[in-house]
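**Student:** Shown below is the structure under consideration.
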Amino acid sequence: MQDLLRVQMKKIQSKKVQTTEEWLRNYSVESLQLTLKHLINEGNIILNSRNGVEEIEFAEETVTNFESRLSEVIELYHQRIQWLLQNSRKVFGLIKGTKVGLMVDMSHMSYGPRLLDFQKDLLCLIDEQLCYKKQLYCLSFSTEISPLWESPKTINVRVLHEARQWIQQLEPGQGCNLLKALKDVLTMKELNSLVLIVGSCPDQTLETLSDYAQQRMLGRKLQTHAVTYDCSNPASLAVLKNLAEALRGCYHCYSSKGENFDSSDVHLLLQEAQKAKDLLKSIKQIFQRRIGGSLIIRIADVSTEFADTAPSSFLPKPPKHKGPLVIQSPCVLAKTSTDWLKTNGLKAKKLNLYQVLAPNAFSPVEEFVPILKKTVSSTLHEKAMTQFEWYDGTVKNIHVDLPVLYNYQKLLAKMVRIYEKRIDWLSVASRRIWGSVCETSEFTESGDHQSTQNCNFMRQNETLKFEVSSKVVILLDISVTNSTYIIHIQHSLRLLLEEQMSNKDYFNIIAFGSDVVPWQLELVPSQPENLENAWRWVLGLQCKGSRNFMSALRRAVEVDFKDKDKHKSQGLYLLTTGIPDQETHTISAYVSEVCRGFDLQLHVCLFSVMEDVDSSRIIPARCANPTETAVAFKEIVQAANGRFHWFGEAGIFESDDITVIVSEMEKANSYSQKCAFLAESLKQRSVNQSVGPFIPEGDSNVLLKKEKRKPQKLLSPKPTALSLARMCIKDNHGAERNASKRVLAWRPTSAKAEIPPAQTIKEWPQTENKRKHKPRKQPEFSVSVFYTDKGRNVGTVYRKYPRIMCIRKSVPSVTLPKKEEICSSKEWLTKYSIKKLKLELPRLMFGPGCTHQKKTVKSLHKKVSAKYCTIFPSVEINGVVKHLQFQPKELEIYTEQLEKLLQRYIERIQWLLSGSRRLFGTILEANICVVIDTSGSMDPYLPHIMKELTSLIWEQLRKNEVRFNLLRFAEDTESWKECLVEATDETCHDAVQWVSKFHAHGNTCILMALKKALSFQGIEALYVLTDGKPDTSGRLILKEIERLRKKQDIKIHTISFSCTDRRANEFLKKLASQTGGRYHRSFGDADEQLAAHRMLTEGLDDEDDPVFPYFEGDDLKKLTQEAAKARSFLKQSKSLRLLLQKWNINQKDDSGF
74 MQDLLRVQMK KIQSKKVQTT EEWLRNYSVE SLQLTLKHLI NEGNIILNSR NGVEEIEFAE
134 ETVTNFESRL SEVIELYHQR IQWLLQNSRK VFGLIKGTKV GLMVDMSHMS YGPRLLDFQK
194 DLLCLIDEQL CYKKQLYCLS FSTEISPLWE SPKTINVRVL HEARQWIQQL EPGQGCNLLK
254 ALKDVLTMKE LNSLVLIVGS CPDQTLETLS DYAQQRMLGR KLQTHAVTYD CSNPASLAVL
314 KNLAEALRGC YHCYSSKGEN FDSSDVHLLL QEAQKAKDLL KSIKQIFQRR IGGSLIIRIA
374 DVSTEFADTA PSSFLPKPPK HKGPLVIQSP CVLAKTSTDW LKTNGLKAKK LNLYQVLAPN
434 AFSPVEEFVP ILKKTVSSTL HEKAMTQFEW YDGTVKNIHV DLPVLYNYQK LLAKMVRIYE
494 KRIDWLSVAS RRIWGSVCET SEFTESGDHQ STQNCNFMRQ NETLKFEVSS KVVILLDISV
554 TNSTYIIHIQ HSLRLLLEEQ MSNKDYFNII AFGSDVVPWQ LELVPSQPEN LENAWRWVLG
614 LQCKGSRNFM SALRRAVEVD FKDKDKHKSQ GLYLLTTGIP DQETHTISAY VSEVCRGFDL
674 QLHVCLFSVM EDVDSSRIIP ARCANPTETA VAFKEIVQAA NGRFHWFGEA GIFESDDITV
734 IVSEMEKANS YSQKCAFLAE SLKQRSVNQS VGPFIPEGDS NVLLKKEKRK PQKLLSPKPT
794 ALSLARMCIK DNHGAERNAS KRVLAWRPTS AKAEIPPAQT IKEWPQTENK RKHKPRKQPE
854 FSVSVFYTDK GRNVGTVYRK YPRIMCIRKS VPSVTLPKKE EICSSKEWLT KYSIKKLKLE
914 LPRLMFGPGC THQKKTVKSL HKKVSAKYCT IFPSVEINGV VKHLQFQPKE LEIYTEQLEK
974 LLQRYIERIQ WLLSGSRRLF GTILEANICV VIDTSGSMDP YLPHIMKELT SLIWEQLRKN
1034 EVRFNLLRFA EDTESWKECL VEATDETCHD AVQWVSKFHA HGNTCILMAL KKALSFQGIE
1094 ALYVLTDGKP DTSGRLILKE IERLRKKQDI KIHTISFSCT DRRANEFLKK LASQTGGRYH
1154 RSFGDADEQL AAHRMLTEGL DDEDDPVFPY FEGDDLKKLT QEAAKARSFL KQSKSLRLLL
1214 QKWNINQKDD SGF
């Protein structure tokens, strides 16, 4: 009998030790089928014969039994709460996990009854709960920590005895150094549960504690249980409760006086009991009794009275809403419209109008006639062809071929029909809601596929392919404002899973309200069973909380896409109905940072709901009308290089994919209109030529004059005897060159002039010039001279034309790297500076030929300007008047290239200000030592520096496989290792552990630290971080370092952190300059990053705003100076462009056109 009783007690005990979450899985209202949905399913729908209203009829026994079960479950919840408020569970709550780390705060204790009561409660915790665990680790802390063992111990009689003795020997302390205790306990990887018992406010801030704990617990299944013991300080209660929520743990507050009691376990049970009470109360209010013993309820009352209880149960469900997925294989490879147009656009199909007209387009001919000494334009093309404005603003003469134009217009009409089909395809099924999910990486040719009516047109224009790798994460908005639309959201996701996810490699779903709820801890393959499991999980989602979009985004980026730099084709798809809780600029800055340089995009699908539904009851955290919400998400999408899709029940309001196609259709329409204009111009010209001028009868003189105007064919010259002049031309050396000079220098006074004597012009006339300069090389050309048939008239023919030399410089096309190069700004600018890329405005726009010059005319005795100076606008550059000979189009090209370069400068500046580079700069060498100042003056900044140093170790040293060592110095020095070590995961973890033990004290003995660091074998560079002037003489240090560097060439890069001492900064600059290193300065604020972000988002039109803070560090200083020069040139180019436009307008006005 006693054995049977013992077995029963063990069964009872096994039920009781279940956590509240585990217990509610079996005894919640939902799992016991005690929701209104289950009650409604037991009724029968009938039609009221009096008013024609649909009603649901229930047997009285059914409703009574349901009410009875609800009352029983409420009593069950109260019994569970009573059990939780007994013995050690009342003081410390219910401890989870099997391998427990116990952390006890002694700062709030004092000798006397209070300490004895605390020890008694801890002994009760050991005997009632911890003795049933598998492993235990005990630690007490105040200012310092005091662990009982070096590592967790397997629980046995001896271990429990030692733990009891340890509790009885606990003594009060002073401070509450919770961070130090966490650093010790979180190194124990065996633990799966952490119990914090705190009685006073921790010394560290909540942000510091949560950031550190989250970083160390990332990837570990470690349950946190925070307990405040007999604490009346509101700050302590708030810190511990928020810390538990941040770590997704439990919270328990105990007071011996019975005040401020709070427990997350009790709260869950009370919440579930309240659900049952509300449902019981509502049933009694709305059910109506009939004379037949039955109960009825109107369907309309169900949807209005119980929308808060379970809104997803009463919305109209699509057919087979809860049925299994019907997974389809996509019939075509999904592409963005931009990528699709690369193979199906007008340009790709060679249907650009200018491509078609190019073979029959001719530029106006302008040539220099030497004998006239001026440029003459041809008029033949203008009379025979149609003038047409080209895409670059110039005018071309077009030979119009009507059959070609007619065929071209038919092809344009065909392409427009294809584009219309593409838009129809994008507007149906899941693409109407999500757009096209296009994440793919590399492709291989496909075989035969099944076709459908929606995608036949796609196959006509592209080759089907399969993707090798693709990753998709879906972010689902389940905030409380979406309660009425949860069915729509679920159905939208069902369509996506059925139609577009089967050909992706990996996927995950993250639902978010106030909390983030991922379906899986990491990405899973897109197999049918996983898709079905995901759908079942989505069916259980309930809307609650606000829109904490930032947390969901960070979770996806930092967990699902943690290796985003190693993979391609990764996409985030957000389905939401309103504006996020966080500010738009904050989200934009974050997505811009995490997406830049990686193949990762964020796409937004905005579902606009009816504004009047549920607006009186639910007020979101941030309010915005649909237009403002769309504008905000457009900004976010632009920062993430994604696509924006806005739809509603009425249809698609805006879609980037559709907008691109519509733009291509408008371009085709424009081309067709221009073709019609060319055809009409040709017809009009033909009509004018066929009419011809009117000639009176009998007026033969006019006909004779017309005959005389006809060009006559010249007879071939007859051979004649050589004259004296021709003999001289033949015999003299360089006769052709001399003859050409005579022809160019001599201009006949009449058409019948004779050849001048050969001796009159012997050389080119030279103008006096006092300045010595190199003689210019004369242009090489030759002419042949011959006598015509009549008299002594001479003719000339060019045999070798002079080479045309162009003084003007064209605007170069700039090619810039997309990925950041790990090098100094000085080295980077040697390849990408404005001067190197030949984009300096003065040299490009104003060469020597642009200077406004005046020449002295002897006969007038004064200086006269050139005749044609008035046809160019004049500007004054550094006191010199110059002519602007560039066209508006060329200035526009220059502005585009300069803006492209300036944006690249800003991106690099932002990169230099991101991550660990903001504090430490860029690590360039492969063998380095980081030297950290831990003197007493560094105490306020040490937590921040330790955090940034951890980031440096992982972000730069580990990623770039740098051999490194760490060294701290104050009044003495301590190195992490005795030599440089390889950056592996193990060594980096060890280095972070060593850094976490830094504490500030003593003086700044920098010379001793430098000597030790320089002694490491194979060292290439030191990175020295300090906040002030060294204790010893700066000259002595510089002199000693110079002596040590004679043996080996080692660079010293100096980092000034929050140092306002001018002399100290000058010393660090000299130390870096003397050793060939770089100087870097950090103030610890975010003004620089804000300025860079404003430039990228607000544009670069204004030279004065936004302004970068003044950088003293070498890398940032050089780059910002180059960016300032680019902004100055950009402003000048835009002002010159306006000047040229005004000039052209004035010229047209003066000419009378």
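According to the numbering used here, the sequence shown is numbered sequentially starting from 74. We treat Cβ as the ideally placed atom computed from N, Cα and C, and that holds for glycine.
In terms of alpha-carbon separation, which member of 747, 177, 334 lies closest to residue 460?
**Tutor:** The candidate whose alpha carbon is nearest that of residue 460 is 747.
**Student:** Measure the Cβ-Cβ separation of residue 491 and residue 731 and say whether it is below 8 angstroms.
**Tutor:** no
**Student:** Going by alpha carbons, who is nearest to residue 1013 out of 1032, 1072, 962, 988?
**Tutor:** Closest by alpha carbon: 1072.
**Student:** Beta carbon of residue 433, beta carbon of residue 472: below 8 angstroms?
**Tutor:** yes
**Student:** Are there three or more Cβ pairs, one per stretch, closer than 8 angstroms when the region 563-572 is compared with the region 607-614?
**Tutor:** Touching, yes.
**Student:** So residue 161 and residue 189 are in contact, right, with Cβ under 8 angstroms, and what is the actual spacing, rounded?
**Tutor:** Not a contact, Cβ separation roughly 16 angstroms.
**Student:** Quick one: measure Cβ to Cβ for residue 1123 and residue 1097, integer angstroms, because I've assumed they're closer than 8 angstroms.
**Tutor:** Wrong, their Cβ atoms sit about 12 angstroms apart, outside the cutoff.
**Student:** Using a Cβ-Cβ distance under 8 angstroms, would residue 1155 count as near chain B?
**Tutor:** Although the question refers to chain B, the structure presented lacks it and comprises just one protein chain.
**Student:** Along the chain, where does the beta strand (DSSP E) containing residue 329 start, and where does it finish?
**Tutor:** That residue, residue 329, is in no beta strand (DSSP E); it is neither H nor E in DSSP.
**Student:** Please list the terminal residues of the continuous alpha helix (DSSP H) segment that includes residue 646.
**Tutor:** From DSSP, residue 646 is part of no alpha helix (DSSP H) but of the beta strand (DSSP E) over 643-649.
**Student:** Following the continuous beta strand (DSSP E) through residue 1125, name the residue where it begins and the one where it ends.
**Tutor:** 1124-1130
**Student:** Since residue 581 and residue 633 should fall inside the 8 angstroms C-beta cutoff, what is the C-beta to C-beta distance between them, to a whole number of angstroms?
**Tutor:** Contact between residue 581 and residue 633 is confirmed by a C-beta separation of about 5 angstroms, below the 8 angstroms threshold.
**Student:** Below 8 angstroms on the Cβ atoms is my guess for residue 274 versus residue 239; work out the distance and round it to an integer in Å.
**Tutor:** Between residue 239 and residue 274 the Cβ distance is about 25 angstroms, and since that is not below 8 angstroms, they are no contact.
**Student:** Can you give me the start and stop residues for the beta strand (DSSP E) that residue 632 sits inside?
**Tutor:** In the DSSP assignment, residue 632 falls outside any beta strand (DSSP E) and carries neither an H nor an E.
**Student:** Have a look at 575, 614, 615, 616 and flag the residue whose alpha-carbon is nearest the alpha-carbon of residue 600.
**Tutor:** 575
**Student:** Going by DSSP, which residues form a beta bridge with residue 721?
**Tutor:** Residue pairing by DSSP puts residue 721 in a beta bridge opposite 681, 724.
**Student:** Going by the CB atoms, is the gap between residue 103 and residue 116 shorter than 8 angstroms?
**Tutor:** no
**Student:** Identify whether residue 229 lies in helix, strand or coil by the three-state DSSP scheme.
**Tutor:** Here residue 229 carries a coil assignment [DSSP, helix/strand/coil].
**Student:** My assumption, with CB atoms under 8 angstroms, is that residue 680 sits in contact with residue 622. Please give the rounded CB distance.
**Tutor:** Between residue 622 and residue 680 the Cβ distance is about 14 angstroms, and since that is not below 8 angstroms, they are no contact.
**Student:** Quickly, what does DSSP pair residue 598 with across the bridge? List them, please.
**Tutor:** 579
**Student:** What is the rounded straight-line gap between the Cα of residue 328 and the Cα of residue 303?
**Tutor:** 4 angstroms
**Student:** For the structure I just gave you, are there three or more beta carbon pairs, one from the region 657-671 and one from the region 613-629, closer than 8 angstroms?
**Tutor:** yes
**Student:** Of all the options 591, 494, 649, which has the alpha carbon lying nearest to the alpha carbon of residue 556?
**Tutor:** 649
**Student:** Could you check where the alpha helix (DSSP H) with residue 298 kicks off and where it finishes?
**Tutor:** Here residue 298 belongs to no alpha helix (DSSP H); instead the beta strand (DSSP E) covers 296-302.
**Student:** Between which two residues does the beta strand (DSSP E) holding residue 695 run?
**Tutor:** Careful: residue 695 lies outside any beta strand (DSSP E) and carries neither H nor E.
**Student:** Would DSSP call residue 1014 helix, strand or coil?
**Tutor:** The three-state secondary structure of residue 1014, taken from DSSP, is coil.
**Student:** Residues bridged to residue 545 by DSSP?
**Tutor:** 580, 644
**Student:** Does the separation of the CB atoms of residue 142 and residue 107 fall below 8 angstroms?
**Tutor:** For the pair residue 142 and residue 107, the CB atoms are nearer than the 8 angstroms cut-off.
**Student:** In the DSSP assignment, the beta strand (DSSP E) including residue 220 goes from what residue to what residue?
**Tutor:** 218-220
**Student:** So residue 271 and residue 251 are supposed to be a Cβ contact under 8 angstroms. How far apart are they, rounded?
**Tutor:** So it is a contact: roughly 7 angstroms between Cβ atoms.
**Student:** Just the C-alpha distance for residue 232 and residue 171, rounded to the nearest angstrom, thanks.
**Tutor:** 15 angstroms
**Student:** Count the C-beta pairs between the region 282-293 and the region 347-357 that are closer than 8 angstroms, then say yes if the count reaches three, no if not.
**Tutor:** no
**Student:** If you drop the 5 nearest sequence neighbours on each side, which residues of the same chain put their C-beta closer than 8 angstroms to that of residue 968?
**Tutor:** 1203, 1206, 1207, 1210
**Student:** To which residues of the same chain is residue 587 closer than 6 angstroms at the C-beta, ignoring the five residues directly before and after it?
**Tutor:** 618, 619, 621
**Student:** Nearest-angstrom Cα distance between residue 1021 and residue 988?
**Tutor:** Whole-angstrom Cα-Cα distance: 8 angstroms.
**Student:** At which residues does the alpha helix (DSSP H) containing residue 961 begin and terminate?
**Tutor:** 961-985
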